[in-house]
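The structure appears right after this line, and notes come after that.
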Amino acid sequence: MKALGPDFYDRPVLEVARELIGCTVEHRGAAGVIVETEAYHESEPACHAFVGLTPRTRTLFGLPGRAYVYRSYGVHALLNAVCEPEGVGAAVLIRALEPVTGLDAMRVRRSPAARRGRIGRAPGDHELCSGPGKLTQALGISLGENEGDLASGSVRIGARAAAWLEPNVLEGARIGITRAVDLRWRFCVAGNPHVSRPRPVPGR
DNA sequence: CATGGGATTGACT
DNA sequence: GTCAATCCCATGC
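In case it helps, numbering that gives the first Met the number 0 puts the first sequence at residues 0 to 203.
Dropping the structure here:
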C-alpha cells in the first residue's frame with residue numbers, strides 16, 4: 000500500500016473528503032476501502048475546532064496528515080484525518096469502510112462476545128465497518144492513535160487502488176449533528192452496501 | 001468544582 | 001421509534 004503524505008491533506012478539506020473515497024485505511028493488518036466521509040471545518044459550528052484551540056482540539060489545529068481520534072458519546076472512538084495547513088482546524092471524518100483484509104479479526108472485535116457481556120447476533124460483513132464507531136472497533140483503533148502520522152504511524156491511509164480510481168460519489172447532508180445541518184459535506188460511494196444509514200438520496 | 005452535551009450504536013417496544 | 005451506555009472536556013458558578 001502506497002501511503003498518502005502530508006501534501007495530500009494540506010488542501011481544502013472538502014477536496015480531501017471527496018478524494019479520500021476509494022483510499023485504504025489500514026491498522027494492525029486489518030484494512031478497508033473508504034466508502035463514506037464527512038468534512039469538518041473551523042468556520043462552521045458542527046466542527047470541534049469551531050470553539051478555538053483547546054486541549055481537545057489541539058490535534059485538529061496541528062499538522063495535516065495526522066489522525067484525530069476522539070471519543071464520541073462516551074463510548075466510541077471516531078477516526079478523522081487532519082487537513083489544511085497547520086493552524087487551520089479542519090478534518091475529514093472516516094464514516095465507513097468496505098472491508099478488504101483481516102475480516103476474521105474484524106468479526107472477532109465486532110462480535111457481541113467481544114463487547115461487555117451483551118448478547119446478540121454476529122454482524123454480517125456489510126455491518127463490520129458501516130459506521131464511524133464500527134470501523135474503529137473493527138480495526139482496533141483507539142484513542143491512543145490520536146495525533147499519529149497517517150503516512151508512517153500505526154494507522155495508515157493509502158492511495159486509491161486500481162479498481163477505485165473513479166468512484167461514483169454521492170453528496171448529502173452530514174449525519175448525527177445538530178448544527179450547520181444544511182451543509183452537504185457528506186460523501187458516499189453510490190450503491191455501496193457498506194455505507195452507513197441513512198444513505199443519501201441520489202439527485203437531490 | 002458541577003453540570004451537560006455530543007461527528008454513535010445496539011437492544012428493545 | 002425509543003432509550004441507555006459512558007467519558008472527555010467546555011462552560012459557568
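Backbone N, C-alpha and C fix where the C-beta goes; we use that ideal spot for every residue, glycine too.
Exercise. Go ahead and pull the three-state DSSP assignment for T23.
Key: Strand, per DSSP.
Quiz item: Run through DSSP, which three-state label would A95 get?
Solution: A95: strand per DSSP, three-state reduction.
Quiz item: With S195 and A95 assumed to form a contact (beta carbons below 8 Å), what rounded beta-carbon distance in angstroms separates them?
Solution: With 8 Å as the limit, S195 and A95 qualify as a contact, their Cβ atoms being about 5 Å apart.
Exercise. Check D103 in the structure and name its three-state DSSP category.
Key: helix
Quiz item: So, is R55 buried or exposed, given that buried needs 16 or more other C-beta atoms within 10 angstroms?
Solution: Exposed, because fewer than 16 other Cβ atoms sit within 10 Å of the Cβ of R55.
Quiz item: Along the chain, where does the alpha helix (DSSP H) that runs through F7 open and close?
Solution: 5-8
Quiz item: Per DSSP, P36 forms a beta bridge with which residues?
Solution: The amino acid at residue 36 is misidentified as Pro; the sequence shows Thr. DSSP lists I93, F186 as partners of T36.
Quiz item: Does the separation of the CB atoms of A66 and L149 fall below 8 Å?
Solution: yes
Quiz item: Once you ignore the five residues that flank N167 on each side, which residues in its own chain have a CB closer than 8 Å to its CB?
Solution: Contacts found: V188, A189, G190.
Quiz item: Can you name, in chain order, every residue of its own chain whose Cβ lies under 6 Å from the Cβ of L52, other than the five neighbours on each side?
Solution: F60
Exercise. Return the chain-ordered ranges of every beta strand (DSSP E) run that is complete within the segment 37-80 and spans a minimum of 3 residues.
Key: 66-71
Exercise. Go through the segment 122-180 residue by residue and report every complete run of the alpha helix (DSSP H) that reaches 4 residues or more, in order.
Key: 131-138
Quiz item: Quick one, which of A104, Y39, P122 has its alpha-carbon nearest V15's?
Solution: Y39
Quiz item: Since V50 and G64 are thought to touch, with beta carbons under 8 Å apart, how far apart are those beta carbons, to the nearest angstrom?
Solution: With 8 Å as the limit, V50 and G64 do not qualify as a contact, their Cβ atoms being about 23 Å apart.
Exercise. Output the distance between the C-alpha atoms of P199 and E170, rounded to the nearest integer angstrom.
Key: 7 Å
Quiz prompt | Residue of C22, E85, A172 minimising C-alpha distance to E41 | solution = Minimum Cα distance to E41 is reached at E85.
Quiz item: Assuming R109 contacts A137 under a Cβ cut-off of 8 Å, what Cβ separation, rounded to an integer in Å, is found between them?
Solution: Correct: roughly 5 Å between the Cβ atoms.
Quiz item: Since G139 and R17 are thought to touch, with beta carbons under 8 Å apart, how far apart are those beta carbons, to the nearest angstrom?
Solution: G139 to R17, Cβ: 27 Å. No contact.
Self-check item: Cβ-Cβ distance between L164 and G31 below 8 Å
Solution: Cβ distance not < 8 Å, so L164 and G31 don't count as in contact.
Quiz item: Which residue or residues does DSSP assign as beta-bridge partners of A30?
Solution: E25, T100
Quiz item: For G157, which option in V12, I33, D9 has the closest C-alpha, if you only look at C-alpha atoms?
Solution: I33
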